[in-house]
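What follows is a single structure, written as structure tokens, with notes after it.
In structure tokens, the structure reads:
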């Protein structure tokens with residue numbers, strides 16, 4: 010009889026140990042999930058930008074609905090960098106045409122000059138001036154002049170004026186095409 014009680018006591022101890030180990034496993038799992046969630050939140054709110062492009066301002070490089078992934082920690086932007094910026098409370102995607110102290114000139118024939126050099130490259134559309142900015146225009150300090158690639162239809166610095174570097178949210182590092190999912 011005594012052996013039966015001892016077996017029962019050993020089984021009770023084993024059950025309690027198993028329950029404690031299971032509880033510790035769940036706590037460890039929850040801590041790991043929490044750490045991964047915090048790291049993910051930091052990465053995608055402080056380091057990387059993930060958003061969906063709206064409109065065709067950057068057509069054909071970026072199309073409406075494309076997923077745009079950008080790097081938020083970039084601080085030194087170069088000409089032709091594609092960026093995500095905020096203007097009039099909305100996010101836009103555009104290409105940097107001029108940096109501080111660059112002189113931008115547009116004429117009635119659709120010719121675009123930066124510091125006296127004709128711009129064009131792979132851009133298919135002519136660039137016409139819009140109301141509000143007098144050309145030649147010198148980009149102020151701490152700002153960039155941004156244009157969309159679809160120049161005849163895009164809303165960009167010709168509409169909003171120069172974009173402050175504080176309003177630049179990220180440099181685009183990749184684009185994932187939307188496939189009508």
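Residue numbers (this note's numbering): 10 to 190. Glycine residues also receive a C-beta, built at the ideal position from the N, C-alpha and C atoms.
> Taking the runs of the beta strand (DSSP E) that are 3 residues or longer, which of them lie wholly in the region 97-184?
Replying inline: Within the region 97-184, the complete beta strand (DSSP E) runs of at least 3 residues are 99-107, 112-115, 121-123, 126-128, 152-156.
> Can you check whether the CB of residue 73 is closer than 8 Å to the CB of residue 103?
Replying inline: Not a contact, by the Cβ cut-off of 8 Å.
> Does DSSP classify residue 49 as helix, strand or coil?
Replying inline: Residue 49: helix per DSSP, three-state reduction.
> Alpha carbon to alpha carbon, how far is residue 89 from residue 141?
Replying inline: So the alpha carbons of these two residues sit roughly 24 Å apart.
>> Please classify residue 160 as buried or exposed, where buried requires at least 16 neighbouring CB atoms within 10 angstroms.
In response: Under a 10 Å Cβ-count criterion, residue 160 is classified as buried, with 16 or more other Cβ atoms of the shown protein chains found around its own Cβ.
> Going by the CB atoms, is the gap between residue 77 and residue 172 shorter than 8 Å?
Replying inline: For residue 172 and residue 77, no; Cβs fall outside 8 Å.
> Below 8 Å between beta carbons: does that hold for residue 179 and residue 108?
Replying inline: Result no, Cβ atoms of residue 179 and residue 108 do not sit closer than 8 Å.
> Among residues of its own chain, excluding the 5 on either side of residue 186, which ones have a beta-carbon nearer than 6 Å to its beta-carbon?
Replying inline: Excluding the 5 residues flanking it on each side, residue 186 has same chain C-beta neighbours closer than 6 Å at 75, in chain order.
>> Beta-carbon within less than 7 Å of residue 5's beta-carbon, same chain only, minus the 5 sequence neighbours each way: which residues are those?
In response: This structure gives no information on residue 5, because the portion of the chain shown stretches from 10 to 190.
> What residue range is occupied by the uninterrupted beta strand (DSSP E) comprising residue 58?
Replying inline: Boundaries of the beta strand (DSSP E) around residue 58: 57-61.
> Is residue 10 helix, strand or coil by DSSP?
Replying inline: For residue 10, the predicted structure reports a pLDDT of 48, less than 50, and the residue's modelled location is therefore unreliable. A value from the coordinates is still provided. Assigned with DSSP and collapsed to three states, residue 10 falls in coil, not helix or strand.
> What's the gap between the Cα of residue 57 and the Cα of residue 119?
Replying inline: A direct Cα-to-Cα measurement between residue 57 and residue 119 gives close to 36 Å.
> Do you know offhand how far residue 124's Cα is from residue 170's?
Replying inline: Spanning the alpha carbons of residue 124 and residue 170 requires a straight line of approximately 18 Å.
> Going straight from the alpha carbon of residue 101 to that of residue 61, what length do you get?
Replying inline: Answer to the nearest angstrom: the Cα atoms are 10 Å apart.
>> Looking only at its chain, what residues have a beta carbon closer than 8 Å to the beta carbon of residue 86, apart from the 5 residues adjacent to it on each side?
In response: Contacts found: 92, 105, 108, 153, 174, 177, 180.
> CB-CB under 6 Å to residue 167, same chain, minus the five flanking residues each way: which ones, in chain order?
Replying inline: The answer, listed in chain order, is 139.
> DSSP on residue 74, reduced to helix/strand/coil?
Replying inline: The DSSP-derived three-state label of residue 74 is coil.
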